[in-house]
Amino acid sequence: MGQKIRFTKMHGAGNDYIYVDTLKYDIPHPNTTSIAWSNRHMGIGSDGLVLIGKPIVKDADYQMRIFNADGSEAMMCGNASRCIGKYLFEKGLTEKTELKLETLSGIKVLQLHICADTKHVDSVTVDMLEPKFDVQEQYQGTSPNLVPYHLPLVRSNDVQPTFVSMGNPHFVIFLDQSKIDDTKLPITDTDLTVIGKALEHNPAFPERCNIEFACLTGANHLRTRVWERGSGITMACGTGACATATAAIKNNIADRSKPIEIEMDGGTLSIEWKEDNHIYMTGPATFAFEGEAELP
Numbered sequence: 003m004g005q006k007i008r009f010t011k012m013h014g015a016g017n018d019y020i021y022v023d024t025l026k027y028d029i030p031h032p033n034t035t036s037i038a039w040s041n042r043h044m045g046i047g048s049d050g051l052v053l054i055g056k057p058i059v060k061d062a063d064y065q066m067r068i069f070n071a072d073g074s075e076a077m078m079c080g081n082a083s084r085c086i087g088k089y090l091f092e093k094g095l096t097e098k099t100e101l102k103l104e105t106l107s108g109i110k111v112l113q114l115h116i117c118a119d120t121k122h123v124d125s126v127t128v129d130m131l132e133p134k135f136d137v138q139e140q141y142q143g144t145s146p147n148l149v150p151y152h153l154p155l156v157r158s159n160d161v162q163p164t165f166v167s168m169g170n171p172h173f174v175i176f177l178d179q180s181k182i183d184d185t186k187l188p189i190t191d192t193d194l195t196v197i198g199k200a201l202e203h204n205p206a207f208p209e210r211c212n213i214e215f216a217c218l219t220g221a222n223h224l225r226t227r228v229w230e231r232g233s234g235i236t237m238a239c240g241t242g243a244c245a246t247a248t249a250a251i252k253n254n255i256a257d258r259s260k261p262i263e264i265e266m267d268g269g270t271l272s273i274e275w276k277e278d279n280h281i282y283m284t285g286p287a288t289f290a291f292e293g294e295a296e297l298p
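Heads up: the sequence shown begins at 3 in my numbering, then just goes up one per residue.
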């Protein structure tokens, strides 16, 4: 019998991860543990593993490390950061409503919005820092040449597939609004998988890439689907929502002066690109269940 670890399963807009407090439990091989536990048939089932621990940077309150379902380590996850804020507050590990979280893409400031009962977190706003558009180590391509033309793309020189780095790399592809059917994007799971996987591993992205397919469905409202680097199709992606909103503003199809709603398969996040040039993401965080699992 292997060592048993207490875990918590949480999700942010359907983007689900397994959370472990490493101040209590040691996870010596997080890569292989994430692969085993994330398996939805033979493990707990998740988009990956998140470790909550002691920060290395003195200005931070806690540290987040995140491992994708394929065992690769991610730089940042917006949905997971919101879940960590709820986890820390509701488990009594902090009384702060503003937390500094150390990640591989810098310190993220979490603003917890507390319910009237003062015991629960209703939602969390994360300062996702500044978006970047010219990151040579993450993107070395020419946007239009990467996208398969059988997709119903926006055929406008004014709206282009757009690279955005939110610390981690994203490539946002805009689909034709006229082809949308209710809330369903004109892209099948098969196309999302085939095209998403191909683009993730395209030589234009030396560190691989997260791929978003987005369609404007109303004023400052976009419907988005995600192929997440290292995890595949996910219900939501916090950094992906930020990248989608930023790309929409860059392409003049969204208004920067107002919040932008990004609707994904698992829920909706509100994104603001404020005057300090930082992106602010607000959304829910939800406990699913807790349990014990053996280390692989």
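Don't be surprised by glycine CBs; every beta carbon is placed ideally from N, CA and C.
Asked, Found
"6 Å Cβ shell around serine 167 - same chain, five flanking residues per side excluded", "Lys134, Val137, Gln140"
"Bridge partners - tyrosine 89, DSSP secondary structure assignment", "None; tyrosine 89 has no bridge partner."
"Candidates Asp61, Glu75, Asp23, of which the one nearest leucine 101 by Cα", "Asp61"
"Proximity of leucine 201 and glutamate 265 at Cβ, strictly below 9 Å", "no"
"Rounded straight-line distance, which links the Cα of threonine 190 to that of glutamate 296", "37 Å"
"Three-state class that DSSP yields for proline 32 in the structure shown", "helix"
"Alpha helix (DSSP H) runs wholly inside the region 194-280, at least 4 long, in chain order", "240-252"
"Nearest-angstrom Cβ-Cβ length linking cysteine 217 and isoleucine 251, presumed shorter than 8 Å", "No, cysteine 217 and isoleucine 251 are not in contact; Cβ-Cβ is about 16 Å, not under 8 Å."
"Per DSSP, the bridge partner or partners of arginine 8", "Glu294"
"Alpha-carbon to alpha-carbon, proline 30 and alanine 38", "14 Å"
"Isoleucine 20 versus lysine 11: straight-line alpha-carbon distance, rounded", "5 Å"
"When His13, Asn41, Val52 are compared against aspartate 28, the one with the closest alpha-carbon", "Val52"
"Selected residue, minimal CA-CA separation from glycine 50, among His13, Val59, Lys56", "His13"
"CA nearest to the CA of serine 36, picked from Lys56, Arg157, Phe69, Glu132", "Phe69"
"Three-state secondary structure assigned by DSSP to lysine 98", "coil"
"CB contact flag (arginine 67, glycine 55, <9 Å)", "yes"
"Three-state class that DSSP yields for lysine 121 in the structure shown", "coil"
"Reference isoleucine 262; option with closest CA among Asp278, Gly268, Ala245", "Ala245"
"Pair within 9 Å by beta-carbon distance, glycine 270 and cysteine 79", "One point to set straight first is that residue 270 is threonine, not glycine, in the sequence displayed. No, they are not a contact pair."
"Helix, strand or coil at leucine 148 [DSSP, three-state]", "helix"
"Neighbourhood of lysine 260 by C-beta distance below 7 Å, restricted to the same chain and skipping five residues each side", "Asn222"
"Three-state secondary structure (DSSP) of serine 158", "strand"
"Unbroken beta strand (DSSP E) run spanning isoleucine 109, endpoints", "108-116"
"Backbone secondary structure at arginine 84 - three-state DSSP", "helix"
"C-beta contact flag for leucine 153 and alanine 206 at 9 Å", "no"
"Whether isoleucine 213 touches isoleucine 273 by CB criterion (9 Å)", "no"
"Cα-Cα separation between tryptophan 375 and lysine 98, rounded to whole angstroms", "Because the chain spans 3 through 298 in this model, residue 375 falls outside it and cannot be assessed."
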